[in-house]
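Okay, so here's the structure we're looking at.
Protein chains: 4
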Amino acid sequence: MLGSRKKYIVNGSSGIKAQQIQFADQKQEFNKRPTKIGRRSLSRSISQSSTDSYSSAASYTDSSDDETSPRDKQQKNSKGSSDFCVKNIKQAEFGRREIEIAEQEMPALMALRKRAQGEKPLAGAKIVGCTHITAQTAVLMETLGALGAQCRWAACNIYSTLNEVAAALAESGFPVFAWKGESEDDFWWCIDRCVNVEGWQPNMILDDGGDLTHWIYKKYPNMFKKIKGIVEESVTGVHRLYQLSKAGKLCVPAMNVNDSVTKQKFDNLYCCRESILDGLKRTTDMMFGGKQVVVCGYGEVGKGCCAALKAMGSIVYVTEIDPICALQACMDGFRLVKLNEVIRQVDIVITCTGNKNVVTREHLDRMKNSCIVCNMGHSNTEIDVASLRTPELTWERVRSQVDHVIWPDGKRIVLLAEGRLLNLSCSTVPTFVLSITATTQALALIELYNAPEGRYKQDVYLLPKKMDEYVASLHLPTFDAHLTELTDEQAKYLGLNKNGPFKPNYYRY
Amino acid sequence: MLGSRKKYIVNGSSGIKAQQIQFADQKQEFNKRPTKIGRRSLSRSISQSSTDSYSSAASYTDSSDDETSPRDKQQKNSKGSSDFCVKNIKQAEFGRREIEIAEQEMPALMALRKRAQGEKPLAGAKIVGCTHITAQTAVLMETLGALGAQCRWAACNIYSTLNEVAAALAESGFPVFAWKGESEDDFWWCIDRCVNVEGWQPNMILDDGGDLTHWIYKKYPNMFKKIKGIVEESVTGVHRLYQLSKAGKLCVPAMNVNDSVTKQKFDNLYCCRESILDGLKRTTDMMFGGKQVVVCGYGEVGKGCCAALKAMGSIVYVTEIDPICALQACMDGFRLVKLNEVIRQVDIVITCTGNKNVVTREHLDRMKNSCIVCNMGHSNTEIDVASLRTPELTWERVRSQVDHVIWPDGKRIVLLAEGRLLNLSCSTVPTFVLSITATTQALALIELYNAPEGRYKQDVYLLPKKMDEYVASLHLPTFDAHLTELTDEQAKYLGLNKNGPFKPNYYRY
Amino acid sequence: MLGSRKKYIVNGSSGIKAQQIQFADQKQEFNKRPTKIGRRSLSRSISQSSTDSYSSAASYTDSSDDETSPRDKQQKNSKGSSDFCVKNIKQAEFGRREIEIAEQEMPALMALRKRAQGEKPLAGAKIVGCTHITAQTAVLMETLGALGAQCRWAACNIYSTLNEVAAALAESGFPVFAWKGESEDDFWWCIDRCVNVEGWQPNMILDDGGDLTHWIYKKYPNMFKKIKGIVEESVTGVHRLYQLSKAGKLCVPAMNVNDSVTKQKFDNLYCCRESILDGLKRTTDMMFGGKQVVVCGYGEVGKGCCAALKAMGSIVYVTEIDPICALQACMDGFRLVKLNEVIRQVDIVITCTGNKNVVTREHLDRMKNSCIVCNMGHSNTEIDVASLRTPELTWERVRSQVDHVIWPDGKRIVLLAEGRLLNLSCSTVPTFVLSITATTQALALIELYNAPEGRYKQDVYLLPKKMDEYVASLHLPTFDAHLTELTDEQAKYLGLNKNGPFKPNYYRY
Amino acid sequence: MLGSRKKYIVNGSSGIKAQQIQFADQKQEFNKRPTKIGRRSLSRSISQSSTDSYSSAASYTDSSDDETSPRDKQQKNSKGSSDFCVKNIKQAEFGRREIEIAEQEMPALMALRKRAQGEKPLAGAKIVGCTHITAQTAVLMETLGALGAQCRWAACNIYSTLNEVAAALAESGFPVFAWKGESEDDFWWCIDRCVNVEGWQPNMILDDGGDLTHWIYKKYPNMFKKIKGIVEESVTGVHRLYQLSKAGKLCVPAMNVNDSVTKQKFDNLYCCRESILDGLKRTTDMMFGGKQVVVCGYGEVGKGCCAALKAMGSIVYVTEIDPICALQACMDGFRLVKLNEVIRQVDIVITCTGNKNVVTREHLDRMKNSCIVCNMGHSNTEIDVASLRTPELTWERVRSQVDHVIWPDGKRIVLLAEGRLLNLSCSTVPTFVLSITATTQALALIELYNAPEGRYKQDVYLLPKKMDEYVASLHLPTFDAHLTELTDEQAKYLGLNKNGPFKPNYYRY
């Protein structure tokens, strides 16, 4: 099962997805166990990217000397509680500062806290959560607490936990079970400690990747009797839920927050517009002006990449399989080509398709010297990196996340992040985007917890459009943006409620 | 009924719609009969816009002296047929040239003709049509003929017919009944002559605005027994069909081509991006650089207007009621304001909301001298123009489609097209956009005509996504755009058919 | 001499010049007399463009029946004066309205009037002027009057006079000698009537094209003894002055306002950015999105055209001879090509070089069907239009300013404005740009008139940078723009005067 | 003298200058000796930025344990030479790889090498150089060698030397005297070792900052008798040369390469367009979309910053003192404001003025919480950082180059690079830009060395425009850009030589 960890980061933390498509060969991958070596190389590449992503506090306090497993330590927070398991409770102060900084950039959650001072919409809620443990999720967790919920939490990824943040949460009384560098066994032990503790019966699940849900299904199926619903954020987790639903095995309502408008349009279009530049700069220090770039795929991610590079003075070509997206590319001013037509001339190749083997060895053989190849799309299948692991090619690691692959004639290809997601590996995800996701999760929990019986059946739901609109509205103050209100006369004329929803469900934005 | 003519142009020819919303007070409007004076002023303003819109052939051949009604003339084409009624059959040659020019810019229809040389997918089809009679619709009509159909045609608008084109169609054997400047009685007479002629039983309807459909419902309801389906293009016509369907009175399948992706995204976003600039330049010769503009509404039309004006160096503010669109405006770099906050400082006010009274007299009172006010949205309700018809204000017509409204203190507001649609009144619709619509109509006719029984019931349908994609693919050669094809392996991986459809129905593009 | 009229419009009214280069064969052209037919075709094409360019008042009042020459008419204004010669003094009211509208858009001149209420910096100035007679120059003329000057005025172009405006000026007491459609004899007669009248000795010259200056040199050389200076606006006129200076024949100081920063950067870059779109739309109604365009020349004009078309979704290629401009094109995101490399694939060819035969018959032969060809550069030499006047090609005038040139195989090229300047022929020059030029002219007159003896010798001068900055500052209020002032400490730190000039002369902006 | 080191980096390596202005208080600064602490903090901040800037090789080989001064070490390269002084000759291999990578991105210098295979334009040249020692300057140095020159080299900055590159140069036989972390005494010792060695009489100087020139003037004035010229790159160095020239003390010709078009327009406009985004992302991970930004100054640097941020969806305000630049800002679509008008609402403040105290304590007091403040302009004077060193404010270093300054009420300002140049401190300078500068330096050396006597006097010269054009042309192949050549007829028509120069000296580009 651990073989899928890598994928979970992709799905969970960045949510950069052009399409939500189930892959025929995915299951097979789930069954592969990484070898010791495979796992270590995985570890190295991922931990580098997470170190990049998070603030420097970590470096001050992480002691690489301390090899004792947290499970073997006896730790107590200042109030005497030991209901947690983190790397080092003494790092709490550093973590708290990180959380406070994050709070300043997550005004929507802070607004929810404020509104909850009177009513406690999650009073009585017992939430078990399994997500990345970062300053931003800490703000979410403490918001859920402020709304009245009790929480127990584990990490959805063995590498992504910020130990200081986990310590800060433990110090302030949250039962958190997570540290950076868990083993597979640790991973499931942590989850179990969240679920299975005396005197605790969770009634809500917040999951990212589906492992927590999977664990309860497998080990404690009876728990679902009291569970009011599942909120799931990742592509993979959502896919698992749809499969359960199809198979008639989903026994509680589930909310798919991955496909909310705000998440889809903002994560993919606007976030990639910025992170493609950031990822390329941090790895290669290249100049964009005048460079020829081919972007494979003109979905939201591709649109973001193309817009940014065009704005910086690159000449951008697009490949597409879908004629509608292709026509959009044309109207937006990009030459629509087949990859073969431009592969010899371009300086950069970027994949954003969700497809596999979009860039083949044949393409790589034909690229010109110094061509940069990277992936902004889905998982690590888009570039056929495996085809480069042949004896006649030399790999040279020139920087973190940057390999030169050298042909016998001296030609070098610059491969970024070994074909994994560039923006996840080599740039950071802005807090603003994480804020949108976290707010959506909080609202989904409130909706499911408070919904009158019968509103939701044992199925997978999208967040009601009105809530999508509410999430958006909570983020407008960040921009000092002032919404116009309909007059009564206008609302009547349009046949709309003055408070929304304002659009039909099929509206494309 | 004639009161709605003005609306039909809006819906039919441009299809520039941000939203498809039914207006509570619409029916009332339908019953209003314009007074003689009202009709004349209407006539003047509309005819000006249509003259602008169409090619110059008209000016060489139109003789304003010929006051004889076409209904009173005896005309024959060169083959001796007199089954038509147009202004002057002798103008055929001019019209033919216009049609030939249009053919060059409508490669998708020409491609359909080519593919139809073997099979005739409309063999046996008897289509009665009611649309604007322009060179572009002539290309559509002759394409339908080439695909095997017989056609009879009337105009959906009393002013929009290009007489030369009608003559050319009549000369080449199409029974066309239409001329520029029909009376209301003429209008229905023409429609009737298309429907009700001995030896002719139509089996398909192509409508734009719903008048033809309405007429058959009212006069010849039995005809529907042999009719295989209705293809309707306009917002208004589609709305009427949904109402019929809701009321259980729709007795054949109907295809809503108004809401196809290509039409919505291309007409609204890309077309308005260009026509806002064109409309403002042709009317005011203003310089865009440095001007402050407020755009009310950030739907597709608003997005197009904002992008264009920003690109030309204007400073653009946006108003919105929908928080999601509002957040998009923020991320796209526009200050989101209430109209009141900027009304004193802006140089241009543009409405794109589909709403009513978005710009009120109070706003108009507060605008600065020389402020330009115009509407790119829906019908003519967005600016409260009626409120400016008060004795203390002086109206001065300074150019065609341009009025100065002068306040007692000398302040002038520049009102364009009296608050009607700027892009329809003061700019032209590019042939490329009309080509997309016409191709969609042709495919919808083919689909309905050839659909196996049971595929479509007595309901309103959207064009299948695959056909939307086909329309797009037919327009790619215009841009010398080369689509990539999935390999078998990729198609399997993605779970897609290699020929599409490539996206789920809810995909937002 | 009349053969150069066409060029004067180009130079004078639009000032769209990428380079100020003297052409070896120019003189020859000056000596060519157009044949009767040549002149008429010239007349037709130019008058169309000027009708487009100016407001609609003309159409209400111009009576094509009145064939009497203004020189043969006896006219008096309401105050009894007959010291003028215009088409019809009765049109004064219409002209006055046009002037009033223009005043609203020329705040800089109005500000000069205001500041002049106390002091009259042109008191005693006797200005003889020769420019286009439009509403905007009327505002300039009346400003000069308000500043204390006496003026007499003729037209610098036989077609560009707005008769109503000339009438309004005459009515308010300005001795104006100009009408639309002057003969060559009329042209010189009008100039002479401005210069040579009893009791009038001009002491300042405001010229546009150099004809007035030329006339005085030839006929009344002694007049220069009392003349304090010449202000010249056009490329051609400036060139003539530099030649005079070189030859040692310039006997008064002259101010070259053509090369002021504001004129060069604003006229060329910003104005062309807008007018390329306007000109193409008005003539062809084409859609820009997805079109492939090649722009020949990447000077200011080319930069403006490229930026606009890119922003509208066109794919733009650039040709250049200068490697520095070429590198700028690269960094701005345009493929730099030779014309031959893309000539078969592009939809539009635009010349902005100032060079000759940039587009040759060979290029034209290779263009694809429907390719649009137009010129935004200098005069009419850039496209080798003459090479298209061969028997095997058919010319078809499809609209005003639009010709289809048809090859034997049916291929059509769409030639705009017969290769003359597109923006002058087919779009309008925004008042804002004219305002910058007019203000610069006014300041140049003030500077020359008031300069202490010795400041200017018998040479050609650029406007002092400080005045350039002053012109700019007078236009900032249009944009509600607020300039920052240096503190004393900062001025000292930078070694600048707090009131400017702020940049060294070689600063590139 | 050492106090100016920091400034030299600014001037020399990045060349990011909006204006070349001499500061009244500069001299005073030169005399300030940094205290031990001051120097160390300087050291820390600069070394961090250089580590960021250069490839990771450094981290593998730098041993912080080795505290021995290079001056005390005995080192030999593999050929037995010890005529160099670097940190560790054993790092040569790492440095060589860096140089090889740089070579791939500096095609212009490689082209010069190729062209020099036959002729050796620098045969006999003995060049003493003082620049940053980086992989890019190594490519320059080895190019000069390939062109026939002998070179001796020192570092112009005590922190910027890449030890591995210095080792590689020493290994391949270049007498290099430089290491990272020199003391002031080391600095002058290294320079002296380049100049004053038996059997060596330099005849060319390549300087960056003027220290080398200064040293020779002071210590070995007689050397100038054999020196053919000085090539100087930095603002400061150029300023010193102009002062020498003014004082009549310049005794050889000097070439000012700082003011070449390619350097000015490309370094400032295009480079800053990219580095503003890079610098902000690397330090703050912020999202640009929707953020309100004020950019102080609209010179080339400001233009680049504004264009980039606008393209990324920020709302940008501009402040200016110069009305012409202000009008450009307006036409480019930016609201021109005084800083006070927007200081309360903006999310980011960026200075690009070359001025001092543009952002005062008063402004800082009024900024909103989390406002980011940074400098892209000149030296470190633009933001009054000193005013923040007061007891009531708390400084918190949250990351490298990022300080939170915290007000008593909890408000935090995010100050980047302590007000020093953001792009130098927190992003990297693309090789492409360095290539333009290095090529210009090489050509300037060739020109001065080969110029016939009398072409250059004892004065400061700009590179001839033709050479500027040549530098540009050498960089076009990078973009596969194809220049058009004039025909004989066209060259004659334009009065130009077919090989350039193509523009008058005052052309603004």
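From first to last, the protein sequence lines stand for chains A, F, R and P.
Once you know that position 329 of the first sequence is 329 in full-length UniProt numbering, the rest is easy, because the numbers rise by one and skip nothing.
Once you know that position 238 of the second sequence is 238 in full-length UniProt numbering, the rest is easy, because the numbers rise by one and skip nothing.
Once you know that position 70 of the third sequence is 70 in full-length UniProt numbering, the rest is easy, because the numbers rise by one and skip nothing.
Once you know that position 56 of the fourth sequence is 56 in full-length UniProt numbering, the rest is easy, because the numbers rise by one and skip nothing.
Using N, Cα and C, we set each Cβ at its ideal position, and we do this for glycine too.
Bridge partner(s) assigned by DSSP for residue i
i, result
"Trp407/R", "Note: Trp407/R sits in no beta bridge, so no partner."
"Arg399/F", "Val402/F"
"Gly484/F", "With the sequence shown as reference, residue 484/F is identified as Thr, and Gly is not the correct amino acid for it. Bridge partners of Thr484/F: none, in fact."
"Cys85/P", "Phe177/P"
"Gln201/R", "DSSP, once it has assigned bridges, lists no residue as partnering Gln201/R."
"Asp207/P", "Cys130/P and Glu232/P"
Which of helix, strand or coil DSSP assigns to residue i
i, result
"Lys249/R", "coil"
"Ala254/F", "strand"
"Gln136/F", "helix"
"Gln48/R", "Its pLDDT being 28, under 50, Gln48/R is placed unreliably by the model, and the measurement read from it follows with that caveat. Gln48/R falls in the helix class under three-state DSSP."
"Tyr54/F", "With a pLDDT of 30 at Tyr54/F, under the threshold of 50, the modelled position of this residue cannot be trusted; read the value that follows with caution. Coil."
"Tyr317/R", "strand"
"Ile343/A", "coil"
"Tyr220/A", "coil"
"Cys352/F", "coil"
"Met461/R", "It is worth fixing the name first, because residue 461/R is Tyr in this sequence and not Met. Tyr461/R: strand per DSSP, three-state reduction."
Bounding residues of the alpha helix (DSSP H) (the contiguous stretch that carries residue i)
i, result
"Trp153/F", "Unbroken run through Trp153/F is the beta strand (DSSP E), Gln150 to Ala155; no alpha helix (DSSP H)."
"Glu182/R", "Segment: none, Glu182/R is in no alpha helix (DSSP H) and carries neither H nor E."
Span of the beta strand (DSSP E), counted from its first residue to its last, around residue i
i, result
"Val359/R", "Here Val359/R belongs to no beta strand (DSSP E), and DSSP marks it neither H nor E."
"Tyr456/F", "First-last for Tyr456/F: undefined, no H or E at that position."
"Lys126/F", "Lys126 to Thr131"
According to a CB-to-CB cut-off of less than 9 angstroms, which residues of the region 248-277 of chain F neighbour chain P?
-> The region 248-277 of chain F vs chain P, Cβ under 9 angstroms: nothing.
Closer than 9 angstroms, Cβ to Cβ, to anything on chain R: give me those residues from the region 403-428 of chain F, in chain order.
-> Only those residues of the region 403-428 of chain F whose C-beta falls short of 9 angstroms from the nearest C-beta of chain R are listed: His404, Arg412, Ser427 and Thr428.
When Cβ atoms are compared, which residues of the region 307-319 of chain A fall closer than 7 angstroms to chain R?
-> Within the region 307-319 of chain A, contact with chain R at the beta-carbon level (separation under 7 angstroms) is assigned to Lys310, Gly313, Ser314 and Ile315.
Within 9 angstroms of chain F by C-beta, residues of the region 100-126 of chain R in sequence order | Cβ contacts with chain F: Ile101, Gln104 and Glu105.
Contact residues within the region 340-365 of chain F, judged by C-beta distance below 7 angstroms to chain R | The region 340-365 of chain F vs chain R, Cβ under 7 angstroms: Gln345.
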